[in-house]
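If you count by the working numbering, then the sequence shown holds residues 1 to 104, one letter each, in order. Built from N, CA and C at the ideal position, the CB exists for glycine as well. Predicted, not measured: the structure shown is a model, and the values here were computed from it. One structure below.
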Amino acid sequence: MTRAIRTPLSTAVAGTQRDLVYAGFVWSEPITLQYDSITKNAVADTTKTIEGGWSGILDLKAGDKIEWSCHVINKQSTTLTFTNQTYLGEMCIVDAEAVGPNCQ
C-alpha cells in the first residue's frame, strides 16, 4: 500500500525574527521536544532531514506566533483530501502545551 508522506515544520515568529522550533520527518513516529532550561533537543537540519528543533525556553510574547506547515508527498494515484484515514488522506496535526503565569 502506498501512502502520503508528511513532514511537519514549526517556526516561532517574533516580528521579523523567525526560528525553526520543530522539524519532524517520520510521520508514523513523531518526535517530542521539550522547550525548557535543561533539555538539549537535537539540532534540526531540513536539508538532510534530521529531526530536531529549538533548545531552551521558548518564550513567546503577546503578538508572537507559531507557524506550522506540513509538506505532503502523495504516492498514490488518487487525489488526497483531509480525512482521519491515515493511508487514504491528508492529515497533519500539531500538539502543544504551554506553561507560565499567564497561560489561558
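Query - Exposure label - Asn84; buried when at least 16 CB within 10 Å - result: On the sequence shown, position 84 is the one that residue 84 refers to. Exposed.
Report task. Pick helix, strand or coil for Asn74, following the three-state DSSP scheme. Result -> Counted from its first residue, the sequence shown places residue 74 at position 74. When DSSP states are grouped into helix, strand and coil, Asn74 belongs to the strand group.
Query raised in the report: With burial defined as no fewer than 16 other Cβ atoms inside 10 Å of the residue's Cβ, what is the status of Ala44: buried or exposed?
Result: To locate residue 44, count along the sequence shown from 1; it is residue 44. Ala44 comes out buried.
Query raised in the report: DSSP on Val26, reduced to helix/strand/coil?
Result: Locating residue 26 in the sequence shown gives position 26, where the first residue counts as 1. Coil, per DSSP.
Report task. Tell whether a beta-carbon distance below 8 angstroms holds between Tyr35 and Ile50. Result -> Position 35 of the sequence shown, counting from 1, holds the residue named residue 35. Position 50 of the sequence shown, counting from 1, holds the residue named residue 50. For Tyr35 and Ile50, no; Cβs fall outside 8 angstroms.
Query raised in the report: With a Cβ-Cβ cutoff of 8 angstroms, do Trp93 and Ser10 count as a contact?
Result: Looking up residue 93 in the sequence shown gives position 93. Looking up residue 10 in the sequence shown gives position 10. It is worth fixing the name first, because residue 93 is Ile in this sequence and not Trp. No, these two residues do not count as a Cβ contact at 8 angstroms.
Requested in this report: Under the assumption that Asp19 contacts Trp54 (Cβ atoms under 8 angstroms), give the Cβ distance between them as a whole number of angstroms.
Outcome: As a first step, residue 19 is located in the sequence shown; it is residue number 19 there, counting from the start. As a first step, residue 54 is located in the sequence shown; it is residue number 54 there, counting from the start. So it is a contact: roughly 6 angstroms between Cβ atoms.
Query raised in the report: To the nearest angstrom, how far is it from the Cα of Lys40 to the Cα of Ala14?
Result: For the purposes of this step, residue 40 is taken as residue 40 along the sequence shown, with counting starting at 1. For the purposes of this step, residue 14 is taken as residue 14 along the sequence shown, with counting starting at 1. If I take the Cα positions, the gap works out to 22 angstroms.
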